[in-house]
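A quick write-up on the structure given underneath.
Residue numbers (this note's numbering), protein chains in the order written: chain A, 31 to 319; chain B, 10 to 399.
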């Protein structure tokens, strides 16, 4: 699939299902990881040599050579490994390879020339070569990271084949959507209607029409369900334990229990337990939500 | 018996029933008038519920009317006895309970504006009569935009009718009366009224005259709602056809206290025997449809207690029969307990009132919060102004 992609296109979206990664294969990640780990190890050994040999200007040439090579190769491998772990631009691998070659060449020249032929201007050339390779590796890594960050904000540029996300709707979903749309449309249409009763003015009301409402039944009912419904619908709006309201009610209940005769007290205790059970249920519900 | 005598008899029977009209508005401890009402618009009864102090007051009228010939004598007798009526085109229409009582005396059938839970399309005076009855029952709003919740049936699964027009018409009627109107399913109203102890999770069944409504809810949110086109009226019709007795007689026997369903000792051709058979058939039909509907949804894996209400569930033995048949059927949901409404006739109206009071409280809270923010802004403005002057 990668070969079908246009050569001029830059892959800016690091989509896991994109053809670029599949084409790169897993080998580049393994290589990158190996180089990185090797580089870390060599660099660590180089740093260790500095401390072991106590490198200074009068140290033995062999010691200096060994330390420099370990550190130089280590740094180069680290940067090469980092670059290999990233998705590269069109000439990215070439740049990585070339710059790694430059650094390693510089190190080879150093090994060849040090210490007997290690003079200026040769030192400048070698050092420049190494630094150039180092900077190019660093710069390439930085550029790829920047491109990735920019690319994530835009849609991926795909080749001539477009990725089409196909969602399959079930019959029930289609029916439900149609029903919902119809209901909304009908509701909106009916809301615009202004109902009037054409025959209203022809009616004469009887004398009782302003007095009699109907058969009345009066029932003692605290209608606590309204409060519970409010809590059930909006659990975030419940009073917190320790709030002034609940403390006040608790104190009042406690006083009432102390001042009641024993028979009524038992009934009040029952009511209190029932109340506590209900409150506990509501609190559990709030916690679970 | 001639016309006038019948009228006289009807009026005197009417006067045997006491009237008590509540005319005050309750003012709660905060100094606010309690403003919220629930209205159950049923095929047989229209019931309004409102809170007055520690009581809930239910105002009930039969959803019926009866036409009589108009004359001055008739009008005088009806006015004297405070009978609810209207006059139009030379005729008088008695409204509500009186229509039923006078229907028996005049050997006429009271007309019903609603059939099978919705406005009857055959009756041209259905909407004007219903408007009058609803206005009497509901009364005037206590304040601006008083919250009102009205009940509405769900779409029936076994009839080719849609309740949308009925729902919108009733809503428009109430809005014309200056109420802040909302509509709620009948089954959900039963859940609000009876299942507060279960956090409004369960199945609400309202067995009415025209329709039987069923709603499944989880934490006050409806998951499934449907109705079936059979109820108390269907039973009356079937028993009447079977026994040859008038529907009113069957209805009266059914509503008798002490009338028991499910008894095995019945006489051949008796009304009680026929009632038991048809109630059994109705309950089986309800449960079969419930089973079918539950198979189409995926309810959460919790227990769903069942609450049963509605005027047609009042006869003794109905609840036990319903419970027995429900337990025998292996439904998709777990049913830990079954609850019979303490007041089956008023349960839907009570549920509507609960919803209205909750809405009213939410509205007050929003108003208080908005007022507090406005006050805070004003205070901040004054402080800034003071700061500048310094």
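Glycine residues also receive a C-beta, built at the ideal position from the N, C-alpha and C atoms.
Would you check whether the ligand FAD has a heavy atom nearer than 6 Å to the C-beta of residue 318/A?
This structure lacks the ligand FAD; in fact it carries no ligand of any kind.
State yes or no: is the beta carbon of residue 309/A nearer than 7 Å to at least one beta carbon in chain B?
In the first chain, residue 309/A corresponds to position 279, counting from 1. Judged by the 7 Å Cβ criterion, residue 309/A is not in contact with chain B.
Given this structure, state the Cα-to-Cα distance separating residue 235/B from residue 297/B, to the nearest angstrom.
The sequence position of residue 235/B within the second chain is 226, counting from 1. The sequence position of residue 297/B within the second chain is 288, counting from 1. Going by the C-alpha atoms only, they are around 13 Å apart.
Counting only C-beta atoms, is residue 208/B closer than 7 Å to chain A at any point?
What you label residue 208/B is simply residue 199 of the second chain in a count that begins at 1. Chain A, which has a Cβ nearer than 7 Å to the Cβ of residue 208/B, makes this yes.
Do residue 175/B and residue 114/B count as a contact pair if the criterion is CB distance below 7 Å?
Numbered from its first residue, the second chain carries residue 114/B at position 105. Numbered from its first residue, the second chain carries residue 175/B at position 166. Not a contact, by the Cβ cut-off of 7 Å.
Residue 45/A (DSSP reduced to helix, strand or coil):
The sequence position of residue 45/A within the first chain is 15, counting from 1. No answer about residue 45/A holds up, because its pLDDT of 47 lies below 50 and its placement is not dependable.
Separation of residue 287/B from residue 329/B, as counted between CA atoms
Your numbering for residue 329/B matches position 320 in the second chain. Your numbering for residue 287/B matches position 278 in the second chain. So the two alpha carbons sit approximately 15 Å from each other.
For residue 262/A, which of 130/A, 63/A, 176/A, 316/A has the nearest alpha-carbon?
On the first chain, residue 262/A is found 232 positions in, with the first residue counted as 1. The residue with the shortest Cα to Cα distance from residue 262/A is 316/A.
If contacts are defined as beta-carbon pairs under 8 Å, then residue 95/B and residue 82/B qualify, I think. What distance do you get, rounded to the angstrom?
Here the question's residue 95/B lines up with position 86 in the second chain. Here the question's residue 82/B lines up with position 73 in the second chain. The pair is not a contact, with the Cβ atoms about 17 Å apart (cut-off 8 Å).
Just to confirm my understanding: we take residue 8/B, look at its own chain, exclude 5 residues before and 5 after, and list those with CB closer than 6 Å. What are they?
For residue 8/B there is no data in the structure shown, the boundaries of chain B being 10 and 399.
Near-chain A residues of the region 39-71 of chain B - C-beta to any C-beta below 7 Å:
60, 63, 64, 65, 66, 67, 68, 69, 70
Where does the unbroken alpha helix (DSSP H) through residue 71/A begin, and where does it stop?
As a first step, residue 71/A must be located in the first chain, where it is residue number 41. 57-83 is the extent of the alpha helix (DSSP H) around residue 71/A.
What residues in its chain sit with their C-beta under 7 Å from that of residue 209/B, if we drop five residues either side in the sequence?
For the purposes of this step, residue 209/B is taken as the residue at position 200 of the second chain. The answer, listed in chain order, is 200, 201, 226, 228, 229.
Same chain, Cβ closer than 6 Å to residue 47/B, five either side skipped, listed in chain order:
Along the second chain, read from residue 1 onward, the residue named residue 47/B stands at position 38. Contacts found: 58, 158, 358, 361, 362, 365.
Between residue 314/A and chain B, is any beta-carbon pair separated by less than 7 Å?
As a position in the first chain, residue 314/A is number 284, starting the count at 1. No, no contact with chain B.
With DSSP run on the structure shown, which of helix, strand or coil describes residue 74/B?
Along the second chain, one-based indexing puts residue 74/B at 65. Strand at residue 74/B.
Given this structure, state the Cα-to-Cα distance separating residue 354/B from residue 367/B, to the nearest angstrom.
To locate residue 354/B, count along the second chain from 1; it is residue 345. To locate residue 367/B, count along the second chain from 1; it is residue 358. Straight-line Cα distance between these residues: approximately 22 Å.
Chain A within 7 Å of residue 228/B, Cβ atoms only:
What you label residue 228/B is simply residue 219 of the second chain in a count that begins at 1. Yes, contact with chain A.
Determine the extent of the beta strand (DSSP E) in which residue 115/B is found, giving its start and end residues.
Along the second chain, one-based indexing puts residue 115/B at 106. Careful: residue 115/B lies outside any beta strand (DSSP E) and carries neither H nor E.
Kindly indicate if chain B contains any beta-carbon less than 7 Å away from that of residue 255/A.
Within the first chain, residue 255/A is the residue found at index 225, counting from 1. True, the Cβ-Cβ gap to chain B drops below 7 Å.
Taking only beta-carbon atoms, is residue 366/B less than 7 Å away from chain A?
The sequence position of residue 366/B within the second chain is 357, counting from 1. Judged by the 7 Å Cβ criterion, residue 366/B is in contact with chain A.
Which whole runs of the alpha helix (DSSP H) in the region 116-151 of chain B are 4 residues long or more, in chain order?
135-147
Is there a Cβ from chain A that is less than 7 Å from the Cβ of residue 95/B?
Within the second chain, residue 95/B is the residue found at index 86, counting from 1. So, interface residue.
Inter-residue spacing [alpha-carbon to alpha-carbon] between residue 262/B and residue 319/B
Locating residue 262/B in the second chain gives position 253, counting from the first residue. Locating residue 319/B in the second chain gives position 310, counting from the first residue. Residue 262/B and residue 319/B: Cα-Cα distance of roughly 17 Å.
Would you verify that the beta carbon of residue 146/B is, or is not, closer than 7 Å to some beta carbon of chain A?
In the second chain, residue 146/B corresponds to position 137, counting from 1. With 7 Å as the cut-off, residue 146/B counts as an interface residue toward chain A.
Per-residue contacts from residue 220/A into chain B (C-beta, under 7 Å):
Within the first chain, the letter at position 190 stands for residue 220/A. The contacting residues are 177.
Assuming contact is defined by CB atoms lying nearer than 7 Å, are residue 167/A and residue 109/A in contact in what I supplied?
Taking the first residue of the first chain as position 1, residue 167/A is located at position 137. Taking the first residue of the first chain as position 1, residue 109/A is located at position 79. In contact: residue 167/A and residue 109/A (Cβ atoms closer than 7 Å).
Residue 199/A: first and last residue of the uninterrupted alpha helix (DSSP H) it sits in:
Numbered from its first residue, the first chain carries residue 199/A at position 169. It is not in any alpha helix (DSSP H) - residue 199/A carries neither H nor E in the DSSP assignment.
Report yes if the CB atom of residue 307/A is closer than 7 Å to the CB atom of residue 64/B, and no otherwise.
To locate residue 307/A, count along the first chain from 1; it is residue 277. To locate residue 64/B, count along the second chain from 1; it is residue 55. Cβ distance not < 7 Å, so residue 307/A and residue 64/B don't count as in contact.
Flag residue 363/B as yes if its beta-carbon sits less than 7 Å from any beta-carbon of chain A, otherwise no.
As a first step, residue 363/B is located in the second chain; it is residue number 354 there, counting from the start. Interface residue, yes.
Cut-off 8 Å between Cβ atoms - residues of its own chain near residue 59/A, not counting five sequence neighbours on either side:
As a working mapping, residue 59/A is identified with position 29 in the first chain. Within the same chain, residue 59/A has close Cβ partners 114, 115.
Can you tell me whether residue 165/A is helix, strand or coil according to DSSP?
For the purposes of this step, residue 165/A is taken as the residue at position 135 of the first chain. In this structure, residue 165/A counts as helix in the three-state DSSP scheme.
CB contact flag (residue 231/B, residue 221/B, <7 Å)
Translated into the one-based positions of the second chain, residue 231/B becomes position 222. Translated into the one-based positions of the second chain, residue 221/B becomes position 212. No. Outside cutoff.
Is residue 126/A close to chain B? Criterion is C-beta to C-beta, closer than 7 Å.
On the first chain, residue 126/A is found 96 positions in, with the first residue counted as 1. No, residue 126/A lies away from the interface with chain B (no Cβ there is under 7 Å from its Cβ).
Within 7 Å, strictly: CB atoms of residue 295/B and residue 313/B:
Residue numbering aside, residue 295/B sits at position 286 when the second chain is read from its first letter. Residue numbering aside, residue 313/B sits at position 304 when the second chain is read from its first letter. The answer is no: Cβ separation not under 7 Å.
Neighbouring residues, chain A, relative to residue 99/B (Cβ below 9 Å)
Against the second chain, residue 99/B aligns to sequence position 90. Under the 9 Å cutoff, chain A gives no residues; its nearest Cβ is about 11 Å from residue 99/B.
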